[in-house]
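Student: Below you'll find the structure I mean.
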Amino acid sequence: MDVTEEMSEDLSEGEKGDPVGETVQNEAAQSETSKVPLQRTISNSEVWSEEEDKSERKLYIILISLHGLVRGHNMELGCDSDTGGQVKYVVELSRALAQMPGVYRVDLFTRQILSPEVDWSYGEPTEMLSAGTGDGEGDIGESSGAYIVRIPFGPRDKYLQKELLWPHIQEFVDGALAHVLNMSKALGDQIGGGQPVWPYVIHGHYADAGDSAALLSGALNVPMVLTGHSLGRNKLEQLLKQGRQSKEDINSNYKIMRRIEAEELSLDAAELVITSTKQEIEEQWGLYDGFDVKLEKVLRARARRGVVSHGRYMPRMVVIPPGMDFSNVVVTEDAPDDGELTLLSDGSSLKAIPTIWSDVMRFLTNPHKPMILALSRPDPKKNITTLLKAFGECRPLRELANLTLIMGNREDIDEMSAGNASVLTTVIKFIDKYDLYGQVAYPKHHKQSDVPDIYRLAAKTKGVFINPALVEPFGLTLIEAAAHGLPMVATKNGGPVDIHEALHNGLLVDPHDQQAISDALLKLLSEKNLWNDCRKNGLKNIHLFSWPAHCRTYMTRVAACRMRHPQWQTITPGDEISTEESFNDSLKDVQDMSLRLSVDGEKTSLNASVDVAASIDDPDLQDQVKRVLNKIKRSGNEQADVEKGNKMLENIPGKYPVLRRRRRLIVIALDCYDSNGAPEKKMIKILQEIIKAGNLDTQVARASGFALSTAMPLAETTEFLRSGKIQLNEFDALICSSGSEVYYPGSYEEDGKLYPDPDYATHIDYRWGCDGLRKTILKLLNASEDDSDKFRSPVQEDRTSSNAHCISYLIKNPSKAMKVDDLRQKLRMRGLRCHPMYCRTSTRMQIVPLLASRAQALRYLFVRWRLNLSNMYVFLGEEGDTDYEEMIAGTHKTIIMKGMTSKGSEDLLRTSGSYARDDIVPGESPLVTFVNGDANAEEIAGAIKKVSLSASKM
Ligand SMILES: O=c1ccn([C@@H]2O[C@H](COP(=O)(O)OP(=O)(O)O[C@H]3O[C@H](CO)[C@@H](O)[C@H](O)[C@H]3O)[C@@H](O)[C@H]2O)c(=O)[nH]1
Ligand SMILES: O=P(O)(O)OC[C@H]1O[C@](O)(CO)[C@@H](O)[C@@H]1O
Numbered sequence: 001m002d003v004t005e006e007m008s009e010d011l012s013e014g015e016k017g018d019p020v021g022e023t024v025q026n027e028a029a030q031s032e033t034s035k036v037p038l039q040r041t042i043s044n045s046e047v048w049s050e051e052e053d054k055s056e057r058k059l060y061i062i063l064i065s066l067h068g069l070v071r072g073h074n075m076e077l078g079c080d081s082d083t084g085g086q087v088k089y090v091v092e093l094s095r096a097l098a099q100m101p102g103v104y105r106v107d108l109f110t111r112q113i114l115s116p117e118v119d120w121s122y123g124e125p126t127e128m129l130s131a132g133t134g135d136g137e138g139d140i141g142e143s144s145g146a147y148i149v150r151i152p153f154g155p156r157d158k159y160l161q162k163e164l165l166w167p168h169i170q171e172f173v174d175g176a177l178a179h180v181l182n183m184s185k186a187l188g189d190q191i192g193g194g195q196p197v198w199p200y201v202i203h204g205h206y207a208d209a210g211d212s213a214a215l216l217s218g219a220l221n222v223p224m225v226l227t228g229h230s231l232g233r234n235k236l237e238q239l240l241k242q243g244r245q246s247k248e249d250i251n252s253n254y255k256i257m258r259r260i261e262a263e264e265l266s267l268d269a270a271e272l273v274i275t276s277t278k279q280e281i282e283e284q285w286g287l288y289d290g291f292d293v294k295l296e297k298v299l300r301a302r303a304r305r306g307v308v309s310h311g312r313y314m315p316r317m318v319v320i321p322p323g324m325d326f327s328n329v330v331v332t333e334d335a336p337d338d339g340e341l342t343l344l345s346d347g348s349s350l351k352a353i354p355t356i357w358s359d360v361m362r363f364l365t366n367p368h369k370p371m372i373l374a375l376s377r378p379d380p381k382k383n384i385t386t387l388l389k390a391f392g393e394c395r396p397l398r399e400l401a402n403l404t405l406i407m408g409n410r411e412d413i414d415e416m417s418a419g420n421a422s423v424l425t426t427v428i429k430f431i432d433k434y435d436l437y438g439q440v441a442y443p444k445h446h447k448q449s450d451v452p453d454i455y456r457l458a459a460k461t462k463g464v465f466i467n468p469a470l471v472e473p474f475g476l477t478l479i480e481a482a483a484h485g486l487p488m489v490a491t492k493n494g495g496p497v498d499i500h501e502a503l504h505n506g507l508l509v510d511p512h513d514q515q516a517i518s519d520a521l522l523k524l525l526s527e528k529n530l531w532n533d534c535r536k537n538g539l540k541n542i543h544l545f546s547w548p549a550h551c552r553t554y555m556t557r558v559a560a561c562r563m564r565h566p567q568w569q570t571i572t573p574g575d576e577i578s579t580e581e582s583f584n585d586s587l588k589d590v591q592d593m594s595l596r597l598s599v600d601g602e603k604t605s606l607n608a609s610v611d612v613a614a615s616i617d618d619p620d621l622q623d624q625v626k627r628v629l630n631k632i633k634r635s636g637n638e639q640a641d642v643e644k645g646n647k648m649l650e651n652i653p654g655k656y657p658v659l660r661r662r663r664r665l666i667v668i669a670l671d672c673y674d675s676n677g678a679p680e681k682k683m684i685k686i687l688q689e690i691i692k693a694g695n696l697d698t699q700v701a702r703a704s705g706f707a708l709s710t711a712m713p714l715a716e717t718t719e720f721l722r723s724g725k726i727q728l729n730e731f732d733a734l735i736c737s738s739g740s741e742v743y744y745p746g747s748y749e750e751d752g753k754l755y756p757d758p759d760y761a762t763h764i765d766y767r768w769g770c771d772g773l774r775k776t777i778l779k780l781l782n783a784s785e786d787d788s789d790k791f792r793s794p795v796q797e798d799r800t801s802s803n804a805h806c807i808s809y810l811i812k813n814p815s816k817a818m819k820v821d822d823l824r825q826k827l828r829m830r831g832l833r834c835h836p837m838y839c840r841t842s843t844r845m846q847i848v849p850l851l852a853s854r855a856q857a858l859r860y861l862f863v864r865w866r867l868n869l870s871n872m873y874v875f876l877g878e879e880g881d882t883d884y885e886e887m888i889a890g891t892h893k894t895i896i897m898k899g900m901t902s903k904g905s906e907d908l909l910r911t912s913g914s915y916a917r918d919d920i921v922p923g924e925s926p927l928v929t930f931v932n933g934d935a936n937a938e939e940i941a942g943a944i945k946k947v948s949l950s951a952s953k954m
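Be aware that the sequence shown starts at 1, since it is given in the UniProt record's numbering, and climbs by one per residue.
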C-alpha cells in the first residue's frame, strides 16, 4: 500500500498543494527575458531585500565540500573523481555569497591535506577567496569576506579520495565545531556587540558534506541546507543498468550504501534542498526514502493552513541552477570566423594563438574541420566510450568533423583509479580499432585558464559541444559551452533537459543510443541555420545562469527557513570565564552591582535597573546583569526588586554545573549488560578504577571531571550507582536514556531531585514528533497499547524508561525484531525523522530525536560549557548499543576496554547489503587505544597517557 494512503487517517485532507519544489531560478536575470517557460517568477517582496539587510544583518554562512582538493586559483578540475564541477561550484558560490549585502563572512570548509601527493596549497589552513565588502558603511570588516578553511581530519599525511573519507567524518565535525565556536566568538567581538555571531546556515555539498552538515547543524542547532550535486541512488541505478558490476562490487568500489545513508540523513536534517534542476527533485530525490513528492505537497499545504502533521516533515526543495563566472568569457554575438586558424595553417603566427590550441591541433590532420568537443572527467558514467563508437562507426561524421576529448590531466594511465584508467584505455583502443588517427585529439594536459580557449576553438570551427553522460545531474560544461557560443548535443537524462528548456541551444539524445548520438551530431553540424539558431539562443539566454541572481534567490529561500541558534534559558555567567578564579571574580562583580542597585533605590523599577545595567563597561558583566533582570522580568513581577536578583545570583554557584571549570572530561560509556538488559555488577569495579585513575595525577585531577553515558534512564542509573556505593556527584554530568537527557549532579537540583538540563531538551527537540511516532511504531510493529494485550504484542512500551525525548520499548524476542535500517526506512517514508536504536543487549528499542545521541551529547557539552572535545577521554567496550560506533571516532580520545562487554546490540543494526562498520569507524587511529577490562587504576591512567601522547604526535 502506498504510504500516503496508509497515512490517510492522519493526513486525510486531500489538499492540492503546489507543484513539488519550485523553480525560482535566478529571478533577477529572468526579468530580463520572458522566454523561459519552466520558471516561476517570484515576487519582489520575496526577494532578499538589499537595503534592509545592508544595514541590519551581518551574516555568517558556512559551506562544506569535504574532500579537500579545493582551492581558489588554478583549480584542478577533471583529474579524478574528486575534482569535478562541485569544486568550481562551491568556490564560485562562496565568492558570490560574500558579495551579497548583509553577508559578512562565508567559510568554505574542506579537508586540510598535508601530503607530498598533492600540491602544498591544499595544506594551507586558510585561504582568502575574496575580501569582504565591510558592514555597508564603508568599513572593510576585519574577518569579512569569503575564505576556504581547511580542517585536518583522517590521516594527516595522506590524500584520501572521497569514497574513503566516511570513517573520518566525526573527526571533521568536531574540528569544524571548534572552528565555528572560535569564529562565532571572534565575529561577536567584531560585529556582534560581544554576543556570539552564530552561523546563519550550514550548507553541505554532496553526500559526505551533507552528513557532516547534519551533525554540525544539529550540534549547533542552526538550520541546514543541502545540495546533492550527484546522487548515490541514481549512480547505483545507472551502474546496475550498465550490467558490468554487481551490487556488491559497486558497494565496495564506491561505498554507495554509506553514501546513500548519508544522503538520507541529510534529507532528515535539512530545512532546504537546493537542486539544479526540476528533474533532480522528481526523478532523483524521488528515489529516496526520506523524500516523497506527494507527501511533500500534502505537508506543505497543511503547514500553510496551520494544520498539524503529526510530527511529519519533508525538506523544502527549490530549483536554483548554478551560475557561471563570465569574467573569462570572450565572445562576439556574430558568427565566428576562422581568421586565427588561417594564420596557424600558414605556420607563421603560432605565437598569436593560445598554446592549448596547438596542443589540440597537433593531433589533427585537418584542424579546420568543425570540432566535436567533449570535456569531462574520464568517469565511466560520462559515457565517453559510446561517443567514440558513435563517431568511429559513422563515416559521414568522421569526414565532416574532428573529435576533441578533454578528459582531465594525466601523467601515467597505470597510476589512475581503475575506473578512469579503463575509460582512457578503451578510448585509445577504439582510436586504434576505428583507425581514427588524425581525427581525434586527446591532449594529456590542460590548465584551468585553457578551458575558455578550448570552447572558443570549438566555436570558431563551427563545432558542437557534446555531453553524452548516462545521467548528468546538472552539467556545468553545457552552460560554459553556451556562453562561448557553442551549440550542444546532450544527454536527455538529468539536468540538460532543464538547460535545454531554458536555452534552446541544441539537441537532446538518449545516451545509450549510439545511432541517435551520431545522427544528432550530424544534424547540428550540417544544418547551418539550426547551428546558428542554437548558438544565438544560447548566448541570448545564458545570463539566466548568473551567480548574483542565484544568490539573491538563495538568500530569500534561506531567510524563509525557521531560524534557530543556540539559546540558553538558564542563567550562564559570560562565555569568557575560563578559570575558577575569574569566574568567582566576575560573579562577585555582578553581586556587587546588584547590591548597589538595591541600595541606590530600594524598589528600583526594572527599567531603571536595565538602564544602570546598560552603563556597565564590561560587556560580559553587562550581559550577566541583563540576564538576571530578564529573568526577573519573565517572573512576571514588573516592579521586582533587585534583592530577588541578588538571591538568584547568590544561588548560582550551587546551581551552576562545574563543567565549565573542567579542563578534561573522562566519559564512561561502557555498555555492559546481562541478557536481561540489567547493568552488570563488574561495571561498578571498573567505574571505581576509572575514577581512581582520573584522580591519580594530582596535577590534573582538580581540573578533571567525569561523565557517565548510558542507555539507562536516570532512576536506574542512580539506583545502580547506589548499589555500588558510588556517589552521584562523582560525576559532573550524566548522559542518560541514550543521549536524550543530560543531568548535572549537584546542579539543577531542587529538594534533592535532579532535573535534566532544559537547554539540552530545547536543543534536541528539532523535528521530534513524539505522539506521531508512538502511534506509527505501534502500527508498524503490530503492537498493542492495551496492557491486557501485552502478551501478544512483540514489543511493549517501557514507560519507566521513556521520557519527553525518548520512547523506550521492551523487546520480547530480539531474533524477530526489525533491524534499525528497516525501521528507520519505514519511519522516513512516513516523514518521521528520528534516531531509532537498540540497546542493553537488544532488550530495548529506544527512539530518540534525530540529532540526539550519546555522541551528539558530548558535542553539546562543548557548545554549552566550552569543554573542548579534544580534552575528552571516552571509555567504551568492544561492542555496545547501536549508537556506540558513532562514539569511537571524533577528536576526543577513545579507550576501548577489552573483554568488558560480552554482547552489544549491533546484530540489530544493519540489514544485509548495507554499509559496514569500516565505513563509520577508522581502522586505526592515534586517537584510539586499548586496555584490558580488568585493568587497575594505574594501568588505566597509563592508557590515558598513551593515547594523549599518540594524539599529540598527529
Ligand atoms: O578535463 C576537465 C573536465 C572538467 N573540467 C571542468 O570541470 C567542471 C565539470 O563540471 P560538470 O560537467 O558539471 O560535471 P561533474 O564534474 O560531474 O560535476 C557534478 O557537479 C556539478 C555541479 O553541481 C554538476 O553540474 C554535475 O552534473 C555533477 O555531475 C566544469 O567546470 C569543467 O569545465 C575541466 O576543467 N577539465
Ligand atoms: O561520481 P559521483 O560519485 O557521483 O561524483 C561526482 C561528484 O564528485 C565530485 O567530482 C567531487 O566531489 C563532484 O564534483 C561531483 O559532484
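Using N, Cα and C, we set each Cβ at its ideal position, and we do this for glycine too.
For Glu749, name the three-state secondary structure that DSSP assigns.
Tutor: For the purposes of this step, residue 749 is taken as residue 749 along the sequence shown, with counting starting at 1. Strand, per DSSP.
Student: Identify every run of the beta strand (DSSP E) within the stretch 392–461, keeping only runs that are complete inside it and at least 3 residues long; order them along the chain.
Tutor: 402–406
Student: Which residue spans inside the stretch 72–141 form an unbroken beta strand (DSSP E) run of at least 3?
Tutor: Runs of the beta strand (DSSP E) inside the stretch 72–141: 103–111 and 126–131.
Student: Per DSSP, which one or two residues make a beta bridge with residue 955?
Tutor: Shown here, the chain extends from 1 to 954; a query on residue 955 therefore has no answer.
Student: When we look at the beta-carbon of Tyr159 and count the other beta-carbons within 10 Å, is it buried (16 or more) or exposed?
Tutor: Position 159 of the sequence shown, counted from the start, is the residue given in the question as residue 159. Looking at its Cβ environment, which holds 16 or more other Cβ atoms inside 10 Å, Tyr159 is buried.
Student: Any heavy atom of ligand 2 closer than 7 Å to the beta-carbon of Asp82?
Tutor: As a first step, residue 82 is located in the sequence shown; it is residue number 82 there, counting from the start. True, at least one ligand heavy atom lies under 7 Å from that Cβ.
Student: Are the Cβ atoms of Val742 and Phe875 separated by less than 8 Å?
Tutor: The sequence position of residue 742 within the sequence shown is 742, counting from 1. The sequence position of residue 875 within the sequence shown is 875, counting from 1. Contact flag unset, no.
Student: Less than 7 Å between C-beta atoms, sequence neighbours within five positions excluded: which residues of the same chain meet that for Asp211?
Tutor: Looking up residue 211 in the sequence shown gives position 211. The answer, listed in chain order, is Ile169, Ala262, Leu265 and Ser266.
Student: Pairs of beta-carbons, one from the stretch 799–813 and one from the stretch 234–243, closer than 8 Å: are there three or more?
Tutor: no
Student: Where Arg312 and Arg824 are concerned, what is the direct C-alpha to C-alpha distance, given to the nearest angstrom?
Tutor: As a working note, residue 312 is residue 312 in the sequence shown. As a working note, residue 824 is residue 824 in the sequence shown. Distance between the alpha carbons of Arg312 and Arg824 is about 14 Å.
Student: What residues match up with Val201 in a beta bridge as DSSP calls it?
Tutor: The sequence position of residue 201 within the sequence shown is 201, counting from 1. DSSP lists Ile61 as partners of Val201.
Student: Leaving out the 5 sequence neighbours to the left and right, which residues in its chain are closer than 8 Å to Ala951 when beta-carbon positions are compared?
Tutor: As a first step, residue 951 is located in the sequence shown; it is residue number 951 there, counting from the start. The answer, listed in chain order, is Ser870, Lys893, Pro926 and Leu927.
Student: Does the distance from the C-beta atom of Met897 to that of Val931 stay below 8 Å?
Tutor: Indexing the sequence shown from 1 puts residue 897 at position 897. Indexing the sequence shown from 1 puts residue 931 at position 931. It is a contact, given that the beta carbons lie within the stated cut-off.
Student: Let me know the secondary structure DSSP gives Gln515 once reduced to three states.
Tutor: Reading the sequence shown from its first residue, position 515 is the one you call residue 515. In the structure shown, Gln515 sits in a helix (DSSP, three-state: H, G or I).
Student: Using a Cβ-based criterion (distance less than 7 Å to any ligand heavy atom), does Gln86 qualify as near ligand 1?
Tutor: Taking the sequence shown and counting its residues from 1, one reaches residue 86 at position 86. Gln86 has its Cβ nearer than 7 Å to a heavy atom of ligand 1.
Student: Cutting at 6 Å between CB atoms, please list the residues of its own chain near Ala441, excluding the five before and the five after it.
Tutor: The residue you call residue 441 lines up with position 441 of the sequence shown. Excluding positions up to five away in sequence, the list reads Val360, Phe363, Leu364 and Thr404.
Student: Pair every Cβ in the stretch 414–422 with every Cβ in the stretch 500–516, then say whether three or more of these pairs are closer than 8 Å.
Tutor: no
Student: What is the DSSP secondary structure of Cys561, reduced to helix, strand or coil?
Tutor: Counting from one through the sequence shown, the residue named residue 561 turns up at place 561. In this structure, Cys561 counts as coil in the three-state DSSP scheme.
Student: Please determine if the stretch 905–925 and the stretch 847–863 are in contact, where contact requires at least 3 C-beta pairs separated by less than 8 Å.
Tutor: no
Student: Excluding sequence positions up to five away, which residues of its chain have a Cβ less than 7 Å from the Cβ of Leu59?
Tutor: If you number the sequence shown from 1, residue 59 lands on position 59. Here the set comprises Gly102, Val103, Tyr104 and Tyr200.
Student: If we call anything under 8 Å between Cβ atoms a contact, is Val90 one with Leu63?
Tutor: Against the sequence shown, residue 90 aligns to sequence position 90. Against the sequence shown, residue 63 aligns to sequence position 63. Cβ distance < 8 Å, so Val90 and Leu63 count as in contact.
Student: Pro836 by DSSP, collapsed to three states: which one?
Tutor: Taking the first residue of the sequence shown as 1, we reach residue 836 at position 836. Correct three-state label for Pro836: strand.
Student: May I ask which residues mark the beginning and end of the beta strand (DSSP E) holding Ala146?
Tutor: Along the sequence shown, one-based indexing puts residue 146 at 146. Its beta strand (DSSP E) spans residues Gly145 to Ile151.
Student: I want to see whether chain C comes within less than 8 Å of Gly290, judged by CB atoms only; does it?
Tutor: Checking the listed chains, one finds no chain C in this structure; it contains a single protein chain.
Student: Taking the alpha helix (DSSP H) that Ala715 falls in, what are its first and last residues?
Tutor: Along the sequence shown, one-based indexing puts residue 715 at 715. In this chain, the alpha helix (DSSP H) harbouring Ala715 covers Leu714 to Ser723.
Student: Let me check you understand the geometry: is the CB of Thr477 closer than 7 Å to at least one non-hydrogen atom of ligand 3?
Tutor: Of the ligands one can find in the structure shown, namely ligand 1 and ligand 2, none is ligand 3.
Student: Under the DSSP definition of a beta bridge, which residues are partnered with Pro679?
Tutor: As a first step, residue 679 must be located in the sequence shown, where it is residue number 679. Beta-bridge pairing links Pro679 to Tyr673.
Student: Using C-beta distances below 6 Å, list every residue in its chain close to Asn251, excluding the 5 sequence neighbours before and after it, in chain order.
Tutor: As a first step, residue 251 must be located in the sequence shown, where it is residue number 251. Here the set comprises Met257.
Student: Taking the alpha carbon of Arg844 as the point to measure from, which residue in Ser905, Val330, Glu92 and Tyr455 has its own alpha carbon closest?
Tutor: Locating residue 844 in the sequence shown gives position 844, counting from the first residue. Taking Arg844 as reference, the option from Ser905, Val330, Glu92 and Tyr455 with the minimal CA-CA separation is Ser905.
Student: Please give me, in chain order, every unbroken run of the beta strand (DSSP E) with length at least 3 that falls completely inside the stretch 160–231.
Tutor: 201–205 and 224–227
Student: Relative to the alpha-carbon of Arg866, which residue among Val87, Asn182 and Ile61 has its alpha-carbon at the smallest distance?
Tutor: Along the sequence shown, read from residue 1 onward, the residue named residue 866 stands at position 866. The shortest Cα separation from Arg866 among Val87, Asn182 and Ile61 belongs to Asn182.
Student: Please classify residue 978: does DSSP put it in a helix, a strand, or coil?
Tutor: Nothing in the structure corresponds to residue 978, since the chain is present only between 1 and 954.
Student: Count the other CB atoms, across all protein chains shown, that sit within 10 Å of the CB of Glu92; report buried if there are 16 or more and exposed otherwise.
Tutor: By 1-based counting over the sequence shown, the position of residue 92 is 92. Of the residues assessed, Glu92 falls on the buried side of the cut-off, its CB having 16 or more other CB atoms within 10 angstroms.
Student: In angstroms with no decimal places, state the Cα-to-Cα distance between Leu397 and Ala516.
Tutor: Sequence index remark: in the sequence shown, residue 397 carries index 397 (1-based). Sequence index remark: in the sequence shown, residue 516 carries index 516 (1-based). So the two alpha carbons sit approximately 13 Å from each other.
Student: Among Ala459, Met416, Arg305 and Ala390, which has the Cα closest to the Cα of Ile431?
Tutor: Here residue 431 refers to the residue found at position 431 of the sequence shown. When each option's Cα is compared against that of Ile431, the closest is Ala390.
Student: Any heavy atom of ligand 1 inside 7 Å of the beta-carbon of residue 974?
Tutor: Here the chain comprises residues numbered 1 to 954, so residue 974 is not present and cannot be evaluated.
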